[in-house]
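J.: Each residue of the sequence shown is one higher than the last, beginning at 13 in my numbering. Starting off with a structure, shown below.
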Amino acid sequence: MFEAGNARKIDEAFLVQRDWRADGGVRRVRVTRSDILISRRFNGVDMMIAVPAPAYCGVVLDVVEGQDGAPCYRLSLAHRDRDLDVVLAETQDSGDAAADWKYWASWLALPRLAAENGKLAKVDAAGSSLTVFPRRGASSLRSRRPRFLTRRKTGVAARMAEVFAGEREIICYE
13 MFEAGNARKI DEAFLVQRDW RADGGVRRVR VTRSDILISR RFNGVDMMIA VPAPAYCGVV
73 LDVVEGQDGA PCYRLSLAHR DRDLDVVLAE TQDSGDAAAD WKYWASWLAL PRLAAENGKL
133 AKVDAAGSSL TVFPRRGASS LRSRRPRFLT RRKTGVAARM AEVFAGEREI ICYE
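See the structure below:
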């Protein structure tokens, strides 16, 4: 899923990406369902920022020219601030790119976006690939009372209609 280049996987938790402003030209990115942690060193100062996942516009699939001139598919998280964009994967296989695109969008609950001439176009809504099952409403057993309520008696409507207006309740605590 991760190939050498702009993003490579070094362990289960972090991705290393190029960052031209960071010391050493790299930053570490950790992606979780709830937030994205970006850490880098800038002028000798360690910095870390946690961006909530819903703050991102979506998961973008972009076709760029690879190192050998062949098309390369880049999968990234798009943010309004370009410095917070995160590259998730780069591959030359269109099938892998499409599968990863769908996976990341559903895992992060973000919409899938396609980059066209520098602009982002929405492909589908967030979480549309998830199947929603209808509730179990129409059943012949629905009108029956639950087992723990079968011993209880139902209320009497005439008794519920009695109103004791103008009376005082006497309570003794002894």
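Ideal placement from N, C-alpha and C gives every residue a C-beta, glycine not left out. None of the values given here were measured: they were computed from a predicted structure.
Flag A133 as yes if its beta-carbon sits less than 8 Å from any beta-carbon of chain D, otherwise no.
T.: Considering every chain present, this structure includes no chain D. It has just one protein chain.
J.: Are V43 and V98 close, meaning C-beta to C-beta below 8 Å?
T.: As a position in the sequence shown, residue 43 is number 31, starting the count at 1. As a position in the sequence shown, residue 98 is number 86, starting the count at 1. The answer is yes: Cβ separation under 8 Å.
J.: Give every residue of the same chain whose Cβ lies closer than 7 Å to the Cβ of F54, excluding the five residues on either side of it in the sequence, and list them in chain order.
T.: Translated into positions along the sequence shown, residue 54 becomes position 42. Hits under 7 Å: R33, A34, D35.
J.: Let me know the beta strand (DSSP E) ranges lying completely inside the stretch 66-144, each 3 residues or longer, listed in chain order.
T.: 70-77, 83-90, 98-103, 124-128, 131-136
J.: So what does DSSP say about E15, is it helix, strand or coil?
T.: Translated into positions along the sequence shown, residue 15 becomes position 3. Confidence in E15 is poor, its pLDDT being 42 and thus under 50, which makes the residue's placement too unreliable to answer from.
J.: Pull up the distance between the alpha-carbon of G167 and that of I183, whole angstroms please.
T.: For this step, residue 167 is matched to residue 155 along the sequence shown. For this step, residue 183 is matched to residue 171 along the sequence shown. C-alpha separation (whole angstroms): 26 Å.
J.: Exposed or buried, which one is G139 when buried takes at least 16 other CB atoms within 10 Å?
T.: Here residue 139 refers to the residue found at position 127 of the sequence shown. The pLDDT assigned to G139 is 49, lower than 50, so where the model puts this residue is not dependable, and the model offers no usable value.
J.: Give me the Cβ distance between A101 and L120, rounded to the nearest whole Å; I'm assuming they're in contact under 8 Å.
T.: Reading the sequence shown from its first residue, position 89 is the one you call residue 101. Reading the sequence shown from its first residue, position 108 is the one you call residue 120. Not really, about 13 Å apart at Cβ, beyond 8 Å.
J.: Who pairs with F54 in a beta bridge, going by DSSP?
T.: The sequence position of residue 54 within the sequence shown is 42, counting from 1. Paired residues: V57.
J.: Tell me where the alpha helix (DSSP H) around R33 begins and ends.
T.: The residue you call residue 33 lines up with position 21 of the sequence shown. No alpha helix (DSSP H) contains R33, which DSSP labels as neither H nor E.
J.: Name the two residues that bound the continuous alpha helix (DSSP H) containing R156.
T.: Taking the sequence shown and counting its residues from 1, one reaches residue 156 at position 144. No alpha helix (DSSP H) contains R156, which DSSP labels as neither H nor E.
J.: From Y68 to D80, what does the alpha carbon distance come to, in whole angstroms?
T.: Position 56 of the sequence shown, counting from 1, holds the residue named residue 68. Position 68 of the sequence shown, counting from 1, holds the residue named residue 80. Answer to the nearest angstrom: the Cα atoms are 31 Å apart.
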